[in-house]
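One structure is given below, encoded as C-alpha cells.
2 protein chains.
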Amino acid sequence: MDISVLHNSILFKGFDDTEISELLKALNAAEKKYNKGAMIFSSGEITDKLCFVTAGSVTVESNDMWGNRTILNLVGKGQFFAESYALLPDVPMLVDVCAAEDCTIVFLSMKSLVNLNDMIRSRLLANLLTITTRKNLHLSSRSFHTAPRQVRGRIMAYLNTVSVQKHSREFDIPFDRQQLADYLNVERSVLSNELSKMQKDGLIRCRKNHFEII
Amino acid sequence: MDISVLHNSILFKGFDDTEISELLKALNAAEKKYNKGAMIFSSGEITDKLCFVTAGSVTVESNDMWGNRTILNLVGKGQFFAESYALLPDVPMLVDVCAAEDCTIVFLSMKSLVNLNDMIRSRLLANLLTITTRKNLHLSSRSFHTAPRQVRGRIMAYLNTVSVQKHSREFDIPFDRQQLADYLNVERSVLSNELSKMQKDGLIRCRKNHFEII
DNA sequence: GAAAGTATGTTGTAATTACAACATTTTGGG
DNA sequence: CCCAAAATGTTGTAATTACAACATACTTTC
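Structure follows, in C-alpha cells:
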C-alpha cells in the first residue's frame, strides 16, 4: 500500500508514521484497483467507507434513466470521496462513483471510529471536519459554474475558477470535452462549438485540455 | 435570546443547559434581527461566525452582475449557515446571504473555539461535523434538482425529493414562485407556465406553495 | 505505419428557453 | 371594503440549446 500519499493527506495531518500505521489497521484499510470506467459505488448503496484516491481519479456523478450524466466532482490522487455517506451510514448514496482512469482506492471503515481512544478519535474528527468543509466549498463552486444560463457563461465561470486556483492565465483542466460538458450540464457538441466561437472571438485559446484566458 | 431553539439544535446535542449557557458566552453569542430582503453577508466577505436561524429564514444565493439570482439553499428556523466559511476563516464567501423573511440570527465565533477545553471542544467539533456533512447532502440534492435539462424534469426532481422527505404526496414547499425559479435555475414565467401544463397533464396539483403529486 | 477505435469539431433542424409585455389573482394596509 | 402593491399566470417572439448526423483529428494496437 502506498503509505506516502496517505501520509500527506488531510486526514492524517498531525499524525506520525506509527500512528498512521496503527490507524490504518484499526480502520480496516483495504486497497483496491479499478480499471477506467469501472463503477466503484452505485446510487442507492449504503457504505461506511471513507475512500481515498492513491492513484488515478474518479468521478462522482449522477446518471438518469435516459443516460444523461451529470458530473458533480472529479476526485484526484490524494483526495477523499464518499465522506458524507461514510459519516451518515444510514443514508443511501445519491450518486454513482466511477473510475475516470485506472485508479487505486483505499477504503477506511468509519464504523470502526468508535473503537479508537478519545484523543486519537477527536484528532481524526477534526481532520474529517476539514475534509467535509472543503468539500462543501467544492460543491458550491460547481453551483456557480452551472449558474449562468448560457454555455459561454458557464465555461468562463469554470475557467476563471481554475485560473485563480492555479495563479495563472494558462493551465490544464482535468476534464476531457465530454466530462467538462457533463460537469457544466451542457451538450458536448454545443460545448465544442462554443469553445470554437470563443477562440474566434479572442477570449481564450485552447488545445485539448490546455487553456489560456486572453 | 431564544435559548430553546438553540437547545434543540444539532450543534448543542448532548450538552446540558448549563454547558450551553457557558458555551454561548465563550463563543460570544450575539443575536441580531433582519428585515425581509436585508443582506446578512455579501460575497467576498470574510467571517468566522457560525450562524444560527432562531426565527424566520434566509436564502444562500449567488447574484451575478446582470441581476440573475441563483438560490443554493434556503435555511430555516433551527438550522445553521456559513459554517464552511466560519471554519475556514481565510476563505472569502462566494455567496450572498439574504433574509427571505423577517428573521433573527445568532452569531457564534468559531475563532473562540481554541479557548475551550479539549473535551468540550471535541464534542462540539463532532457536532459540527454532522452539520457540515448534512449540508453536503443538501448541496448534492440541489445538483440533482438542477441536473435535468428541461424545466419539467427539474420541477419533478425537486418535488419528488420534498415528497420523500415529508412522507406524503401532498406537502408545502418553502419557496414562492420566484424563489423556486431561482433555485431550479429557470425563468419564473417559464416555471409558472410549466406548472400550469403539468396540472393540465394531470401530473400534479398545486395552489400557491401547496403541492400534490398525482 | 495502417487500421480501428476514440475523441473532438461542425452543421442544420426541431425543440426549448429567455425575455418582455401584459393579464389576473392575491395580499396587506388604510 | 377598497386600493395599491406584490405575486402569479399567460402569451408571443427572439435567442439558445438539444440532438442527430457526419467530418476531422488524434491514439492505440497490431
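Protein sequence lines correspond, in order, to chains P and V.
First residue of the first sequence: 1, per the numbering used here; consecutive thereafter.
First residue of the second sequence: 1001, per the numbering used here; consecutive thereafter.
All C-beta atoms, glycine included, are put in the ideal place defined by N, C-alpha and C.
None of the values given here were measured: they were computed from a predicted structure.
Worksheet entry | Inter-residue CB distance, A26 (chain P) and S112 (chain P) (contact presumed, cutoff 8 angstroms) | Taking a contact as a CB-CB distance under 8 angstroms, the pair A26 (chain P) and S112 (chain P) counts as one, their CB atoms being some 6 angstroms apart.
Worksheet entry | Contact list for S1140 (chain V) against chain P, beta-carbon separation under 8 angstroms | L72, S84, L94, V95 and L139
Discussion item. Just verifying my parser: in three-state terms, what is the DSSP assignment at D1118 (chain V)?
Written reply: helix
Fill in: Whole-Å CB distance - A1082 (chain V) paired with L1050 (chain V), under 8 angstroms assumed
7 angstroms
Practice prompt. Report the rounded CA-to-CA distance for V162 (chain P) versus S1021 (chain V), giving the unit in angstroms.
Written response: Straight-line Cα distance between these residues: approximately 44 angstroms.
Practice prompt. Would you kindly report the start and end of the unbroken beta strand (DSSP E) that includes I1105 (chain V)?
Written response: Following the DSSP letters along the chain, one finds I1105 (chain V) inside the beta strand (DSSP E) bounded by residues C1103 to S1109.
Discussion item. Short of 9 angstroms Cβ to Cβ, which residues in the region 1096-1114 of chain V face chain P?
Written reply: none
Worksheet item: Going along chain V in order, which residues have a C-beta closer than 7 angstroms to the C-beta of K135 (chain P)?
Response: N1136
Practice prompt. Report the residue ranges of all alpha helix (DSSP H) runs contained in full by the region 152-201 of chain P; include only those spanning at least 4 residues, in chain order.
Written response: 177-184 and 188-200
Practice prompt. State yes or no: is the beta carbon of T1146 (chain V) nearer than 9 angstroms to at least one beta carbon in chain P?
Written response: Chain P contact via Cβ: present.
Discussion item. Taking only three categories from DSSP, how would you classify T59 (chain P)?
Written reply: strand
Worksheet entry | Span of the beta strand (DSSP E), counted from its first residue to its last, around T1070 (chain V) | R1069 to G1076
Discussion item. Among the candidates P:S42, P:L128 and P:I213, whose CA atom is the shortest distance from the CA of N160 (chain P)?
Written reply: The option with the nearest alpha carbon to N160 (chain P) is P:I213.
Discussion item. Please confirm whether V1205 (chain V) has its beta-carbon closer than 9 angstroms to some beta-carbon of chain P.
Written reply: Inspection of the sequence shows that residue 1205 (chain V) is occupied by Arg rather than by Val. Using beta-carbon distances, R1205 (chain V) does not count as an interface residue toward chain P, since no partner is under 9 angstroms.
Practice prompt. Would you mind reading off the limits of the beta strand (DSSP E) that contains E1031 (chain V)?
Written response: That run of the beta strand (DSSP E) goes A1030 to Y1034.
Worksheet item: Does N1068 (chain V) have its Cβ less than 9 angstroms from a Cβ in chain P?
Response: yes
Item to complete: Please decide whether R1188 (chain V) counts as near chain P, where near means a Cβ-Cβ distance under 9 angstroms.
Response: Any Cβ of chain P closer than 9 angstroms to the Cβ of R1188 (chain V) would place that residue at the interface, and such an atom is absent.
Item to complete: Please state whether DSSP places F12 (chain P) in a helix, a strand or coil.
Response: coil
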